[in-house]
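Heads up, the first sequence is in our numbering, so the first residue is 1 and it goes up one at a time.
From the three backbone atoms N, C-alpha and C, an ideal C-beta is built for every residue, glycine too.
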Amino acid sequence: MRDTLSSGYEPNHVEERWRKHWEEDASFTPDPASPGEGYAIVIPPPNVTGALHIGHALNLTLIDVLCRHARQKGKNVLWIPGTDHAGIATQNVVERALAREGKTRHELGREAFIERVWQWREEYGHRILDQIRSLGCSVDWTRLRFTMDEGLSKAVRKVFVSLYNDGLIYKGDYIINWCSRCHTALADDEVEHEDEAGHLWRIRYHIDQSDEELVVATTRPETIPGDTAVCVHPEDTRYQHLIGKQAIVPILGRKVPIIADSYVDREFGTGALKVTPCHDPNDWMLGKRHDLAFIQVIDENGIMKEESGSYHGLTKEACRNKIIEDIAAQGDLVGEEKLQHAVGHCYRCHTVVEPHVSTQWFVKTTALAKEARDAVPDKTRILPESWRKTYYHWLDTIRDWCISRQIWWGHRIPAWTCADCGKLVVAEQDPTVCPSCGSTHLQQDEDVLDTWFSSSLWPFSTMGWPEKTPELAKYYPTAVLVTGFDIIFFWVARMMMMAQHCMHEVPFKDVYLHALVRDAQGRKMSKSTGNVIDPIVMIEKYGCDALRFTLTAFAAMGRDIRLSEDRIEGYRHFVNKLWNAARFSMMNIGETAPKPFDLGAATGLHNIWILHALEEVKKDVDQALEEYRFNDAAQSCYKFLWGSVCDWYLELVKPDMQKEGAPKNQAQFVLWTVLREILVLLHPIMPFVTAEIWDALPVCEGFEHYELAKAPYPPSRPSCVRPKEAAQMDFLQQVIVAVRTIKAELSISPGKKVRLLLQPADDEQVQLLEDNRELILTVARLEALEIDPGAKAPKASASAVVLGCQIVVPLKGTVDLAGELARLDKQLAKLEKNLIAVNKHLADENFLSRAQPEVVEREQRLSTELLDNKEKLTAMRARFAQALAEDAE
RNA sequence: GGGCAGUUAGCUCAGUUGGUAGAGCAUCGCCUUCACACGGCGGGGGUCGUAGGUUCAAGUCCUGUACUGCCCACCA
């Protein structure tokens, strides 16, 4: 046990000790052979290059809440941590570092460069792991994984070969998205479309051997040298007669056919389209369909090729300006207008993406996508459900997945070409001879795989697949995938596809897609906007628990989180409140633990009431977390601890603590129980402060001591569910509040002890109030308390009515008599308003005959009660007014 | 062009199966009451975007509509 707690919670002193303890103790390293239902979550692997941002913090907090809660519920929990090699992103970072030394990766050569990246990872890759650690994540560090680990690389190769052998991976020429800065192909979803202001130029194409002409509209005149056709709609009467003739490409003078295809939108532009099969995906499709020539005029660096004639060597941007100039000079520029249109950008470096024809590797997605689709929602639920449609839609319209990347950092494609016979060899093990001709001149494919290829195997590759491991047997499929919706396609859908192929089973039973964390204005956080909230800074400033509680409390399903620093600061108060409630408890419990007794037999309304409330929170929190309602779980704890325990129970229990014997011991043990169990409930959300308090709490006789991270969820105590007593307590609270209100509104100092006369409505109230006389005296701060239904109230007194019980505070000696009249009028007006509303219901025939009987009954009861209150209050007002008048005389 | 969210107190958001609107922060008043001023007590503040519909009863269900945000999409 630790010494007394300090008066303010200081997270920095506490947290590091627990991080260390959890790690050294291997607290979160489960044994697959141990009992308990397997419950696994794999971390969405952050990039090794990365630093923890607030989105990670949210993601990791929610996962940790689930894992810690599942442990409490007796599950055998495995949370696998790890990082992603993040091909393009990491290569970019290292290349930038090289550039600062004045070197390029090409100067270094492939092998040395890769060596350099590994070095870089050794040096900086632990940063993100440290940050995961500082968040308090209960991950199993002994099972740390990296997508380029030997085991995972083996899995990658196995899947590649298997897909290839099944005919689901092929190599082919296709128009892909090319980033000329990253110098690699990108998958469709790695391209971000953004509306940009551009121009739509109308350019005249002359018709061969004719005076006629055709005007086409284009946003990309630099591709004109690559034109191999002009296309119109087959039913367009304006152009029908030109179909089959030849158009002359401006400047270059090449003749190209005029073709017809219903793809063309007659309404847009001029209704005539120039076709550049090598530099536009639609034109590529047209080119294939109409068997057109394919002329590439822009190279992989964005420079005009020789085929572009006089524009050879220009950048594509320069070419655009020049060619427009030239066409204008020739008099063939017919028009120029501004146009907003979508332009694709590289999701890694934001360079404009160029459609580019090249040889790439693809995964056939049709069959895989169907299986992934069919698994939802029966085998895998997607939450919130609104994302289900999006998921379906993507899979329904999916195109083959381009998986080759022209970079060096990543899993190199396990394909070799025989230099002698040209045979393509795809194999798990590096081949030494060509199986076809026996040659040893085998050349491995230069490309590496898309990062998402290896990530898509993550749920099972991290558990040791393709080996048959105890982890796979116990923990697969994983319980839930928790991630942001921004990677639903990149990652979630692809894991679903790959798992079906490799495991013939879904990778997870639930997918919980959480929100994006935005700034207070709802903007995305970004370094350039300067609105980022750095979780590490927040942890240092306010403590990890405050950050975690804030994120949890804001994690309502299906809604973005608008975060600002003052919210975190606000919840730090809550952490401190818990700390001080614990301090108070321990001061009153003392060194020696109280003697346990049967809580179901507790006496004292306040004890019975708080135990009842405790049962409710336990139920609520458990239910909320089962349904991923994180915010509800956090709110329940917050309300109970602050609103019930601190605001009331701690005050109510003070008199008991001054006594000796049974009442004191009872209060102590109840307090001990309440504190102990709320610590367990809060622990998944705020692991540090709860563990620290738990550690300082004495252990009662007959109770086992274990550390909080290993504590079970508190079992329900049915004998403590006491709704009747809870309602009685509610009545007492209302009485006390009424007295406080009178004091506050009549400017009677809260500290000033007043006399109170209660005129209960019935014997039951008399009994209840008598039984709790002491409690009322203390909490309402009274000098004297008279409970007497027949008592004669002094005329000059302030009054209120609660459930028919009249509350009278004599005002003799106080100043503000006139204030009371105004106060009563306000109360009466409020009552009257309510009464009218209720009576309107009761006067309605339809309501009486059609509403549920309970509802009608409730309304009737309410009406009677309100009327009674009104009458009593009116009478008191009259008496008081009289007193005022007499006083004036 | 298609799809999905959101619109509730000054701000940020809750509001499970329809039954007289809640929290935190902010604001106002009072209080250094021996756990906590990162505190206590009390007050003020909302015709729940808008128009209809269903219902005895709608913030809650349905339809239309406005605005905001996001995602998807091959109109050059």
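Which residue marks the beginning of the beta strand (DSSP E) containing residue i, and which one marks its end?
{"i": "T228", "result": "Looking at the DSSP string, T228 is not in any beta strand (DSSP E), and its letter there is neither H nor E."}
{"i": "C346", "result": "L333 to C346"}
{"i": "S719", "result": "No beta strand (DSSP E) contains S719, which DSSP labels as neither H nor E."}
{"i": "R494", "result": "Premise fails: R494 lies in the alpha helix (DSSP H), R494 to M503, not in any beta strand (DSSP E)."}
{"i": "R381", "result": "R381 to L383"}
{"i": "A272", "result": "A272 to V275"}
{"i": "H895", "result": "Residue 895 lies beyond the stretch modelled for the chain, which goes from 1 to 889, so this question has no answer here."}
{"i": "V425", "result": "L424 to V426"}
{"i": "G484", "result": "T478 to G484"}
{"i": "E122", "result": "Segment R110 to S134 is the alpha helix (DSSP H) holding E122; no beta strand (DSSP E) there."}
Would you call the CB atoms of residue i and residue j closer than 8 Å?
{"i": "H206", "j": "L339", "result": "no"}
{"i": "N47", "j": "A99", "result": "no"}
{"i": "H501", "j": "L395", "result": "no"}
{"i": "W141", "j": "E300", "result": "no"}
{"i": "W178", "j": "A691", "result": "no"}
{"i": "L383", "j": "L513", "result": "yes"}
{"i": "K364", "j": "L168", "result": "yes"}
{"i": "G87", "j": "I407", "result": "yes"}
{"i": "D332", "j": "R289", "result": "no"}
{"i": "L449", "j": "I403", "result": "yes"}
{"i": "W79", "j": "I175", "result": "no"}
{"i": "S454", "j": "L163", "result": "no"}
{"i": "A613", "j": "L675", "result": "no"}
{"i": "Q296", "j": "V352", "result": "no"}
{"i": "D64", "j": "S7", "result": "no"}
{"i": "R717", "j": "G604", "result": "no"}
{"i": "V264", "j": "C231", "result": "yes"}
{"i": "K474", "j": "P32", "result": "yes"}
{"i": "P435", "j": "V425", "result": "yes"}
{"i": "G226", "j": "C278", "result": "yes"}
Smallest Cα separation from residue i: which of the options?
{"i": "M587", "options": "A696, Y174, H504 and P663", "result": "A696"}
{"i": "I890", "options": "I248, D265 and L252", "result": "Limits of the chain in this structure are 1 at one end and 889 at the other, which puts residue 890 out of reach."}
{"i": "W491", "options": "Q759, T552, T462 and D189", "result": "D189"}
{"i": "V482", "options": "K524, D208 and N59", "result": "N59"}
{"i": "P433", "options": "V426, A427 and L442", "result": "The sequence given here places Val at residue 433; Pro does not occur at that position. Of V426, A427 and L442, the residue nearest in Cα terms is L442."}
{"i": "A885", "options": "V855, G558 and A796", "result": "A796"}
{"i": "Y542", "options": "P470, K468, F688 and V674", "result": "F688"}
{"i": "W932", "options": "G410, K245, D510 and G790", "result": "Not covered by the structure: residue 932. The range shown for the chain is 1 to 889."}
{"i": "M557", "options": "D598, D545 and V511", "result": "V511"}
{"i": "T219", "options": "R145, I323 and L129", "result": "I323"}
{"i": "R629", "options": "T552, L671, A602 and G604", "result": "T552"}
{"i": "L242", "options": "D208, G226, T228 and E267", "result": "D208"}
{"i": "P81", "options": "A329, A40 and K245", "result": "A40"}
{"i": "N869", "options": "V156, T49, V802 and A883", "result": "V802"}
{"i": "I128", "options": "H85, Q658, F160 and L873", "result": "H85"}
By DSSP's criteria, residue i is part of a beta bridge. Which residues make up the other side?
{"i": "Y903", "result": "A question about residue 903 goes unanswered here, because the residues of the chain that appear run from 1 up to 889."}
{"i": "M304", "result": "I298"}
{"i": "Y170", "result": "F362"}
{"i": "S799", "result": "V808"}
{"i": "H193", "result": "G344"}
{"i": "P257", "result": "Q246"}
{"i": "S404", "result": "L449"}
{"i": "V517", "result": "I561"}
{"i": "H85", "result": "Paired residue(s): none; H85 is not in a bridge."}
{"i": "T417", "result": "L424 and Q443"}
Determine the extent of the alpha helix (DSSP H) in which residue i is found, giving its start and end residues.
{"i": "N321", "result": "K316 to A329"}
{"i": "R755", "result": "From DSSP, R755 is part of no alpha helix (DSSP H) but of the beta strand (DSSP E) over V754 to Q759."}
{"i": "V855", "result": "P853 to A888"}
{"i": "W18", "result": "P11 to E24"}
{"i": "L625", "result": "L605 to E626"}
{"i": "C544", "result": "C544 to A553"}
{"i": "V42", "result": "No alpha helix (DSSP H) contains V42, which is instead part of the beta strand (DSSP E) from G38 to V42."}
- Give a yes or no on contact between the segment 242–256 and the segment 203–223, applying the rule of three or more CB pairs nearer than 8 Å. yes
- Three or more C-beta pairs closer than 8 Å, one from the segment 642–655 and one from the segment 752–770: is that the case here? no
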